[in-house]
Structure formats: structure tokens, C-alpha cells
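Going by the working numbering, the first residue of the sequence shown is number 10, and it counts up by one from there. Quick reminder that beta carbons are idealized off the backbone N, C-alpha and C, glycines included. Predicted model, so just to flag it, every value in this text is computed and none were measured. These notes are about the structure you will find just below.
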Amino acid sequence: MTLYRDEKHPNKHIQAAIEYALAQGWRFYPSNGYAFGRLICGAPDHRTHMMSIWSTPSVPENHAKQIRHNVDSCLTMLKQ
Numbered sequence: 010m011t012l013y014r015d016e017k018h019p020n021k022h023i024q025a026a027i028e029y030a031l032a033q034g035w036r037f038y039p040s041n042g043y044a045f046g047r048l049i050c051g052a053p054d055h056r057t058h059m060m061s062i063w064s065t066p067s068v069p070e071n072h073a074k075q076i077r078h079n080v081d082s083c084l085t086m087l088k089q
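Written out as C-alpha cells, the structure is:
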């Protein structure tokens with residue numbers, strides 16, 4: 010089950026990375042405070058990859074790249 014937050018992330022790059030992760034089967038769990046939420050790998054037998062999504066990272070573009078990198082790394086691992 011994927012849980013969505015009512016509002017989108019305030020940074021468009023991070024929001025796009027979250028949407029990319031969701032399109033790849035990851036799940037998003039919203040939270041309060043400094044963390045905007047968590048992304049967790051959606052593969053049934055592979056739950057080791059997860060990542061916190063920060064509300065106000067120091068460099069939002071780099072945080073978005075990290076999100077995409079983690080998603081892509083997980084996909085590569087699953088294909089092997």
C-alpha cells in the first residue's frame with residue numbers, strides 16, 4: 010500500500026524524484042518535522058532499500074539526485 014501526502018514537496022526537483030520512485034514501484038510514507046517522509050523499495054522480497062526525504066535539504070538538486078540514484082541502484086540489484 011502506498012501512502013500519499015496531501016501536499017507536494019516544496020521543491021520541484023525533489024517532487025519529481027519522488028514521483029520517479031513511485032513510478033518504479035517504491036512506496037512513500039509521509040512524516041512530520043524535518044523529514045518530509047520515507048521512500049521504501051516496493052519489491053516484495055527486497056525491503057532493504059529505504060531513504061528519508063528531507064523537507065529542507067541544503068542542496069535540493071543533490072538530494073533529488075540521491076533519490077534517483079538509490080532507486081536506480083535498487084533496480085539494478087533486482088535485475089541481477
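Environment of residue i [buried if 16+ CB atoms lie within 10 Å]
{"i": "Val80", "result": "buried"}
{"i": "His18", "result": "buried"}
{"i": "Ala73", "result": "buried"}
Length of the line joining the Cα atoms of residue i and residue j
{"i": "Ser40", "j": "Ile23", "result": "16 Å"}
{"i": "Pro59", "j": "Gly42", "result": "Checking the displayed sequence, the identity of residue 59 turns out to be Met instead of Pro. Answer to the nearest angstrom: the Cα atoms are 18 Å apart."}
{"i": "Asn20", "j": "Asp54", "result": "32 Å"}
{"i": "Cys83", "j": "Trp35", "result": "10 Å"}
When the options are compared against residue i, the one with the closest alpha-carbon
{"i": "Ser67", "options": "Thr57, Arg36, Gly51 and Ala44", "result": "Ala44"}
{"i": "Cys115", "options": "Ile76, Pro69, His18 and Ser64", "result": "This structure cannot speak to residue 115, because the chain is shown only from 10 to 89."}
{"i": "Thr57", "options": "Glu16, Ala25 and Arg47", "result": "Arg47"}
Per-residue DSSP class, three states only, for residue i
{"i": "Pro53", "result": "coil"}
{"i": "Ser61", "result": "strand"}
{"i": "Tyr38", "result": "strand"}
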